[in-house]
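Quick note: the sequence shown, position 34, residue 33 per numbering that gives the first Met the number 0, numbers continuous.
Glycine included, every Cβ here is placed at the ideal spot set by N, Cα and C.
These numbers were taken from a predicted model, which means no experiment stands behind them.
See below for the structure under consideration.
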Amino acid sequence: MASLKSVLTYSSRAIKTLKNHTHVIFIKRTFLLSRLPLFKHAQGRFINFGRQSSSTVTGAQKGEDSFLKWFLLLIPATTFGLGTWQVKRRQWKLELINDLRRLTTAEPIPLPIDPLELKHLEYRRVKVRGQYDHSQELYILPRSPVDPDKEAREAGRLTSSGETGANVITPFRCTDLGITILVNRGYVPRQKIRPETRMKGQVEHEVEVVGVVRLTEPRKPFVPNNDVDRNRWHFRDLDAMAQVTGAEPIFIDADFGSTIPGGPIGGQTRITLRNEHMQYIMTWYGLCAATSYMWYAKFIKKIKI
């Protein structure tokens, strides 16, 4: 009994001592933490080092969703604007094609010789009288024949068929104007490029030519340079052609009605106006419709996409 009593007494003292030490440790830890700058002014308030409160997270998430919602709305708005712009571009292109059709089918006017006036008359039908100088023919090649009837019907679309050849450019002495101009008489196949192979069409008498005014053209990418020495021309350089032939830098394409039997085929004016705006309209408006639905489903109906 004495030993049991002593054991209980010892245990009681040990527990009491442990409690006192734990209290001291807690006080010391509290004291040490209070010495740190971060905890100096806490004044016993609870400082949470864990996750943010649910209300804070929800507010931030709502802000991000609102920004994303209105930012993504720019996509259907932009595509709608581009589609509307293409509608206006298509209308402008159709008016331009109609203007060219009127110019190329209007009654011919006498050819003016004022260079400033000629700059505003491209594709305008004109008429001149005079004689060809067949000794100074120039050849623009390779060229394929243009169907004049299809060219007129399709309002600016190039339609060609048959073998390649050349367009024959001949100096033309205008009797009523007293100047020499350049006339694109039309297309000849490759085997008929040399003048001696088509002597029937090499008329010497005075003729009337109706055609459309053409201006000089720059060299397009991948088009070879003109070879003046070999008389191989690939694009219409009026200044160089005028220098070689001694003519004025005035150029007309003879129409189909000016074709001389046995000679080059007239009506070789190429008017290449691309009108693909309807495809662009469908593309942009289609994208607008698709992205509008996706935006509505995502942010209005809250459907997961």
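- Non-local C-beta neighbours of residue 82 in its own chain, meaning closer than 7 Å and more than five positions away in sequence, comprise 280, 283, 284, 287, ordered along the chain.
- According to DSSP, residue pairing for residue 239 in a beta bridge does not occur.
- Residue pairing for residue 253: DSSP places it in a beta bridge opposite 210.
- The straight-line gap separating the alpha-carbon atoms of residue 255 and residue 87 is approximately 35 Å.
- Residue 100 sits in a helix when the DSSP states are folded into three classes.
- One Cα belongs to residue 173, the other to residue 278, and the distance between them is close to 47 Å.
- A Cβ-Cβ contact shorter than 9 Å links residue 232 with residue 168.
- Closest by C-alpha distance to residue 176, out of 245, 75, 237, 126, is 126.
- Cα atoms of residue 186 and residue 162: separation of roughly 11 Å, rounded to the nearest angstrom.
- When DSSP states are grouped into helix, strand and coil, residue 126 belongs to the strand group.
- In the structure shown, residue 114 adopts helical secondary structure according to DSSP, grouped into three states.
- Residue 230 and residue 220 have their C-alpha atoms spaced approximately 21 Å apart.
- Put simply, the stretch 111-120 does not touch the stretch 189-204. Fewer than three CB pairs are less than 8 Å apart.
- A Cβ-Cβ contact shorter than 9 Å links residue 166 with residue 139.
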